[in-house]
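**Student:** Just passing along the structure, written as C-alpha cells.
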Amino acid sequence: MFKFKSTSFYVFLVLVTCSCANHLRTETLNDPRKVISEPKMEYFIILEKEVMNTPRLTFKVEQLETREHKEAQDISEVEFFTPYEGVREMYEFPVGLVMLPISITINFLDFATLGLIPNSFTDATLSIAFAGLNPALNIESDSRSEHKTLKTYEKIISVNKVKNRVAARNVTVTFSDDKDFKATLQADEKGNVVLDLLSKQFMNNIQKLRQLNVTVGKEESADTKKIIITREFYFKIKKAKETIGAFYSSKTPENLAKAIYELEKKLGFEKLAADLEKRVVDKQDAAFKKRYDKKLEELYQ
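Residue numbers (numbering that gives the first Met the number 0): 0 to 300.
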C-alpha cells in the first residue's frame with residue numbers, strides 16, 4: 000500500500016514537473032518611431048575684410064545646425080500561451096474524453112462532405128480533445144493567456160541629415176591676442192557683431208594689439224579668424240590716447256578744444272571726439288563753455 004502511494008506521488012510529481020504551457024501563437028509587434036537628434040552645431044565668422052584701418056568693424060556670425068532624422072521600428076516577437084495549472088486536469092481530462100469521439104465524428108463528417116465544415120472548427124475540437132487528455136497540458140484559453148517577449152530589435156527604415164544655416168543670435172564672440180589679452184562681445188539678434196577699437200576694453204590695450212584672434216563656438220564647432228590692425232591705425236589710436244591724456248592732465252577749455260580738434264580734424268575719430276565733448280562740456284559752467292567755443296572757433300578757421 001505504501002509502495003502504491005509512493006509510486007502515485009512520483010507519477011504526479013513527474014507530470015507536474017514535465018508539464019508545459021499551451022502555446023497559442025507568436026506575434027511580431029511593430030512600434031514605429033521617429034527620432035530627431037539634438038543639433039550638431041558649427042559656427043562661421045563672415046568677415047568682409049581682415050585688415051582694420053578704421054575704428055569700427057561690423058561682421059556677422061552664423062551657425063549650421065545639423066540634425067539626424069531617423070525613422071525606425073522597434074520590433075518585438077511575442078509568444079502567447081496558456082500557463083499550466085495542474086488542478087484544471089480534474090475537469091479537463093473528462094472534457095477530453097467526451098470531446099475525442101465528438102471531434103472524430105466532426106472530422107469524419109468534414110471528410111464526407113468534402114470539407115464543408117470550417118477547418119477552424121474541426122481543428123479546435125481536436126485540439127480540445129487531445130489537450131484535455133494530455134495530463135501535462137491544459138486546454139487552450141485566450142481568457143487566461145499570458146505572453147512573454149522572445150526577442151526585440153530595431154529596424155532602421157531611413158536616416159537623413161537635415162542642415163539649416165542661420166544667424167547665430169546672441170552668441171558670445173571672443174577676441175584675443177597671442178599673449179594675455181582677452182575680451183568678449185555679444186552678437187545681436189541678427190548675428191551682427193560690432194568691433195569698436197575705441198571702446199574702453201580695446202583702447203586700453205591697444206599698445207599690445209597688432210593682431211586679434213576672433214573666435215565663436217567651442218572645440219569642434221568653433222570657427223576662428225584673424226584680424227590685422229594696420230600700423231598706421233595703431234599709431235592713430237596711440238596719438239588719440241596721448242591727446243586725451245594731455246587734456247586730462249590740464250582740464251582747461253583751451254586744452255579741451257585742442258583735443259577735440261586733434262581727434263576730429265587730424266585723426267578722423269569724430270565719435271570719440273563727440274563722446275569726450277559731451278562727457279566734459281555738459282558738466283561745466285557758462286564761462287568754461289564760452290572759452291571752449293572761442294578756442295574751437297579759432298582752431299577751425
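Glycine is no exception: its CB is placed at the ideal position from the N, C-alpha and C atoms.
1. Using 8 Å as the Cβ pair cut-off and three pairs as the minimum, do the segment 68–77 and the segment 142–158 touch?
2. Please classify P54 as buried or exposed, where buried requires at least 16 other C-beta atoms within 10 Å of its C-beta.
3. CB-CB under 8 Å to R143, same chain, minus the five flanking residues each way: which ones, in chain order?
4. Can you find at least 3 beta carbon pairs, one from the segment 33–52 and one from the segment 112–122, that sit closer than 8 Å?
5. Within the same chain, show all residues whose beta-carbon is closer than 6 Å to that of L197, passing over the 5 residues directly before and after it, in chain order.
6. Excluding the 5 residues preceding and the 5 following Q185 in the sequence, name in chain order all residues of the same chain whose CB lies nearer than 7 Å to its CB.
7. Please report the straight-line C-alpha distance between Y291 and P252, rounded to a whole angstrom.
8. Spatial neighbours of F180 within its chain, please: C-beta separation below 6 Å, excluding the five flanking residues on both sides.
9. Between K2 and T104, what straight-line distance do the alpha-carbon atoms span, to the nearest angstrom?
10. For F11 and T121, I'd like the C-alpha separation in whole angstroms.
11. Taking DSSP as the reference, what is the three-state secondary structure of S75?
12. Does DSSP put Y83 in a helix, in a strand, or in coil?
**Tutor:** Taking the definition as stated:
1. yes
2. buried
3. T81, P82
4. no
5. Counting only Cβ-Cβ distances below 6 Å, and skipping sequence neighbours, we find P54, L271.
6. N169, T171
7. So the alpha carbons of these two residues sit roughly 4 Å apart.
8. Cβ neighbours of F180 within its own chain (closer than 6 Å, five residues either side excluded): N204, K207.
9. Its pLDDT being 46, under 50, K2 is placed unreliably by the model, and the measurement read from it follows with that caveat. Approximately 41 Å between the Cα atoms of the pair.
10. With a pLDDT of only 47 at F11, under the threshold of 50, the placement of this residue in the model should not be trusted, and no figure is reported.
11. strand
12. coil
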